[in-house]
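Engineer: Numbering (the numbering used here), first residue to last: 618 to 1439.
Don't be surprised by glycine CBs; every beta carbon is placed ideally from N, CA and C.
All figures in this text were calculated on a predicted structure; none of them were measured in a lab.
#1: Looking at the secondary structure, which residues open and close the alpha helix (DSSP H) in which residue 769 lies?
#2: Could you tell me how far apart the beta carbons of residue 1386 and residue 1113 are, in whole angstroms, since I believe they sit closer than 8 Å?
#3: Hey, residue 1204 and residue 1246: beta-carbon distance below 7 Å or not?
#4: Comparing alpha-carbon positions, which option in 893, 1041 and 1155 lies nearest residue 1333?
#5: Entirely within the segment 781-842 and at least 4 residues each: give me those alpha helix (DSSP H) ranges in chain order.
#6: Pull the bridge partners of residue 1137 from the DSSP assignment, please.
#7: Name the two residues that bound the continuous beta strand (DSSP E) containing residue 1202.
#8: Quick one: what's got a C-beta closer than 6 Å to residue 1382's C-beta in the same chain, skipping five residues either side?
#9: How many angstroms separate the CA atom of residue 1440 from the CA atom of residue 1185?
#10: In chain order, which beta strand (DSSP E) runs of at least 3 residues are fully inside the segment 675-715?
#11: Can you check whether the CB of residue 1194 is closer than 7 Å to the CB of residue 1277?
#12: At a cut of 8 Å, does the segment 671-680 reach the segment 1355-1367 through at least three beta carbon pairs?
#13: Going by beta carbon distance, what residues of the same chain come within less than 7 Å of residue 1429, once the five residues before and after it are set aside?
#14: First and last residue of the beta strand (DSSP E) that includes residue 751?
#15: Once you ignore the five residues that flank residue 654 on each side, which residues in its own chain have a CB closer than 8 Å to its CB?
#16: Measure the C-alpha to C-alpha separation of residue 1124 and residue 1320 and round it to an integer number of angstroms.
#17: Using a Cβ-based criterion (distance less than 6 Å to any ligand heavy atom), does residue 1059 qualify as near the ligand HEM?
#18: Measure the CB-CB distance between residue 694 and residue 1167 and report whether it falls below 7 Å.
#19: Provide the residue span of the beta strand (DSSP E) that contains residue 1246, from first to last.
#20: Please state if the CB of residue 1095 and the CB of residue 889 are separated by a distance shorter than 7 Å.
#21: In the structure shown, what three-state DSSP assignment does residue 1171 receive?
#22: Taking one C-beta from the segment 936-945 and one from the segment 644-663 each time, how about it: are there three or more such pairs within less than 8 Å?
#23: Between the C-alpha atoms of residue 740 and residue 675, what's the straight-line distance to the nearest angstrom?
#24: By the DSSP assignment, the beta strand (DSSP E) with residue 737 in it spans what residues?
#25: Below 8 Å CB to CB, which residues in the same chain sit around residue 1283 once its five sequence neighbours on both sides are set aside?
#26: So if DSSP puts residue 848 in a beta bridge, which residue, or which two residues, is it bridged to?
#27: Please classify residue 1180: does DSSP put it in a helix, a strand, or coil?
#28: Rounded to whole angstroms, what's the CA-CA distance from residue 819 to residue 1236? Just pull it up for me.
#29: What does a CB cutoff of less than 8 Å around residue 731 pick up in its chain, not counting 5 residues either side in sequence?
#30: Excluding the 5 residues preceding and the 5 following residue 1264 in the sequence, name in chain order all residues of the same chain whose CB lies nearer than 7 Å to its CB.
#31: According to DSSP, is residue 1224 part of a helix, a strand, or is it coil?
#32: Checking 7 Å against the spacing of the C-beta atoms, do residue 940 and residue 1417 come in under that value?
#33: Taking all protein chains shown into account, do 16 or more other C-beta atoms lie within 10 angstroms of the C-beta of residue 1434, making it buried, or fewer, making it exposed?
#34: Distance, Cα to Cα, residue 783 vs residue 698?
#35: Quick test of the definition: if touching needs 3 or more C-beta pairs under 8 Å, does the segment 778-794 touch the segment 750-766?
#36: At what residues does the beta strand (DSSP E) containing residue 1234 begin and finish?
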């Protein structure tokens, strides 16, 4: 049967090419996501600071939630310190010869072009650093600096740390220089003061006998799961806490993308194969009439799909590797993944992509041929000559179920509000898109029925032919309308969800900024001296220090326990220059073991003023805090507001990220410290917009790839559908229709199908965006830029016209008598 299928393929090259292209891009996208996921699981940072230590013991940079259903993990944004007393236990492990403690903390140094880490000179041998000039620090006012920092022995250097700006004398220069970071070495006592975690250290470097892996296993057995033991290529992960977050981001992003891509691929490929099989109705009917069994027909189509799928793997998998590597590079270039990470490429994600692609092709082909294979041989030829107008019972029931579920989800989300409404948006759009595609023959007939009067009066010949053809061949045109609806709804939802979130975030940040100036630094933060000095300037009426961090909430989402990271802001009170939009309670009470929550976070915790919430701070410290206020501007400032000292004491740098100043003069504020940046309100607004644009870039990049895939598939389907109407066009011309009239018919059909896609896509997008907006902002009105909406409408109609009229024009160049025989 497979030989027979390919013997008849000469007249179906366009259809085969359509299926091939759809599968090629589906496989490429799935392979690229698989590569990103594997990179998140296996990628590592080359060890620099701990390059000489065979084994490194550090804190567990992840919190784990274990339930009956699953085990969830969430990386911690701040470094986790470990007890210094573990040194004795490590030293007792067989084979260990030396244990070197490390205290590492960010410091600020004017002119540094990379991350600068403060350390004790005692830990220099972990790299190993050696003195190239001068001597080791002996007093609290002396330091040794990395050779890459460009300082000289005897030079006075101002260093910003958690206890303020201090002047130090450089007593030595140490090498070698490192690629990703630089070090400033203090005395052991001074480093402990700046680390500010008594009785704890950042890590231990462990030296011993034998291979690093064997030593690591013995140390791990002795210490258990309260710490993380690194060896070999994994040691670099202990140097940078952002590495774990970057890996987890890749895993979560790729996992969510794979789900969306597979869903889109199933819809697109099913439509492509459905159209292909529909164009072969006469061939399949003839095979059934001459005795082919349903099993033989299914086997023929299924094997043909597998052959096309295997052919698509040849270019699809290399394209997926190239695309995944490029995406990984983009994440590294924009700082979402630490510099030094390398993409991991192995056969595993490629095999998975190949398997998913082939399974999708096979199932799509079997689904498309299901009815044609079941039909009785005596009815086959008659059924093939005229399209069955009734919608299949299974398809009809499925479509109605999805429609009801989508409508119910939309209504429930609007009633629930808060986080539940925001989270339900993605489910709503998927349910309604699926319902629209399944019920698209009904939608096509409805569109033709409603438009027939106007079109018929406007164009009595071509318009009449278009509406009549649309009603009688609704399934064929539905195979074109479905992908167009998918394209419009998916594109509009992606872009307008982003614009809604971005507009609300920017508006809240701008409206909540009541300060005249914002002070910030290019280093790890602003030491307390800056805020104190600003308060002493004439004309300054208010100063507020803030520090950005992240907390982990153990909450329930849609009935399932989950660990949810939340943006947090530590701030001093009274909060001069910042208006969070408090709706209940008061920020004046934000001291000690208290917290303020955004309305969205309060909804997530089901908490109100006076209630208790449990959180994990950035370094994993569990706290139970009393809610003293609920505020509106969570998108602009973070969902959780903490007392400044609580956030500072559990952060790596221990310095303010920003200082909001009311009153004063810009020039005098800029002179408070070297390297200080002072933003007025206009500049602060521009900075907010730039930050939002970066966030938008991430989402638009990855979702844009899916949109491109959908667009390619839409063009593919339209060209195939029109190119398969050779006999129909030839018959119209033989009975007296002119080329112009046939082209006019095709134009009206394109207008009908494109208009249907715009209307249906808008009706799908509207409840989705309303649920999202209502959940995030409390208003059901999303932010929809009119020009962007118009561009999507024009693009949809343009695709419908271009991809339909171009192949039709080519078909109409032929001779109808020859085409009708072909």
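Structural biologist: Once the coordinates are examined:
#1: Walking along the chain shown from the start, residue 769 turns up at place 152. No alpha helix (DSSP H) holds residue 769; DSSP gives it neither H nor E.
#2: Within the chain shown, residue 1386 is the residue found at index 769, counting from 1. Within the chain shown, residue 1113 is the residue found at index 496, counting from 1. Correct: roughly 5 Å between the Cβ atoms.
#3: Taking the first residue of the chain shown as 1, we reach residue 1204 at position 587. Taking the first residue of the chain shown as 1, we reach residue 1246 at position 629. Their beta carbons are under 7 Å apart, which means residue 1204 touches residue 1246 by this criterion.
#4: Residue mapping note: residue 1333 aligns to position 716 of the chain shown, counting from 1. Taking only the C-alpha atoms, the option nearest residue 1333 is 893.
#5: 805-812 and 829-840
#6: Locating residue 1137 in the chain shown gives position 520, counting from the first residue. 1275 and 1294.
#7: The count along the chain shown starts at 1 and reaches residue 1202 at position 585. Unbroken beta strand (DSSP E) run through residue 1202: 1199-1202.
#8: Within the chain shown, numbered from 1, the residue matching residue 1382 stands at position 765. The residues are 1106, 1109 and 1110.
#9: No answer is possible for residue 1440: it lies beyond the span of the chain, which begins at 618 and ends at 1439.
#10: 679-683 and 688-692
#11: Here the question's residue 1277 lines up with position 660 in the chain shown. Here the question's residue 1194 lines up with position 577 in the chain shown. Yes, the pair counts as a contact, with Cβ atoms nearer than the cut-off.
#12: No: fewer than three Cβ pairs fall under 8 Å.
#13: The count along the chain shown starts at 1 and reaches residue 1429 at position 812. Excluding positions up to five away in sequence, the list reads 1346, 1356, 1359 and 1360.
#14: Stepping through the chain shown from its first residue, residue 751 is reached at position 134. Unbroken beta strand (DSSP E) run through residue 751: 747-751.
#15: In the chain shown, counting from the first residue as 1, residue 654 sits at position 37. Cβ within range, chain order: 867, 868, 871, 872, 875 and 966.
#16: Numbered from its first residue, the chain shown carries residue 1124 at position 507. Numbered from its first residue, the chain shown carries residue 1320 at position 703. Whole-angstrom Cα-Cα distance: 24 Å.
#17: As far as ligands go, the structure on display features none, and thus does not contain the ligand HEM.
#18: As a first step, residue 694 is located in the chain shown; it is residue number 77 there, counting from the start. As a first step, residue 1167 is located in the chain shown; it is residue number 550 there, counting from the start. Yes.
#19: If you number the chain shown from 1, residue 1246 lands on position 629. Start and end: 1239-1248.
#20: Within the chain shown, residue 889 is the residue found at index 272, counting from 1. Within the chain shown, residue 1095 is the residue found at index 478, counting from 1. No, the pair does not count as a contact, with Cβ atoms beyond the cut-off.
#21: Position 554 of the chain shown, counted from the start, is the residue given in the question as residue 1171. Correct three-state label for residue 1171: strand.
#22: yes
#23: Working through the chain shown from its first residue, we reach residue 740 at position 123. Working through the chain shown from its first residue, we reach residue 675 at position 58. If I take the Cα positions, the gap works out to 14 Å.
#24: Residue 737 sits at position 120 when you count from the first residue of the chain shown. First-last of the beta strand (DSSP E) with residue 737: 732-737.
#25: For the purposes of this step, residue 1283 is taken as residue 666 along the chain shown, with counting starting at 1. So the list reads 1134, 1295 and 1297, once near-sequence residues are dropped.
#26: Reading the chain shown from its first residue, position 231 is the one you call residue 848. Partner(s): 672.
#27: For the purposes of this step, residue 1180 is taken as the residue at position 563 of the chain shown. In the structure shown, residue 1180 sits in a strand (DSSP, three-state: E or B).
#28: One-based indexing of the chain shown puts residue 819 at position 202. One-based indexing of the chain shown puts residue 1236 at position 619. The straight-line gap from Cα to Cα measures roughly 12 Å.
#29: On the chain shown, position 114 is the one that residue 731 refers to. For residue 731, where only same-chain residues beyond five positions count, the Cβ hits under 8 Å are 765, 797, 798 and 799.
#30: What you label residue 1264 is simply residue 647 of the chain shown in a count that begins at 1. Cβ neighbours of residue 1264 beyond the five flanking positions: 1164, 1166, 1185 and 1187.
#31: In the chain shown, counting from the first residue as 1, residue 1224 sits at position 607. Residue 1224: coil per DSSP, three-state reduction.
#32: The residue you call residue 940 lines up with position 323 of the chain shown. The residue you call residue 1417 lines up with position 800 of the chain shown. Contact: no.
#33: Here residue 1434 refers to the residue found at position 817 of the chain shown. Exposed, by the Cβ-count rule.
#34: Indexing the chain shown from 1 puts residue 783 at position 166. Indexing the chain shown from 1 puts residue 698 at position 81. CA-CA distance, residue 783 to residue 698, rounds to 25 Å.
#35: yes
#36: Residue mapping note: residue 1234 aligns to position 617 of the chain shown, counting from 1. Here residue 1234 belongs to no beta strand (DSSP E), and DSSP marks it neither H nor E.
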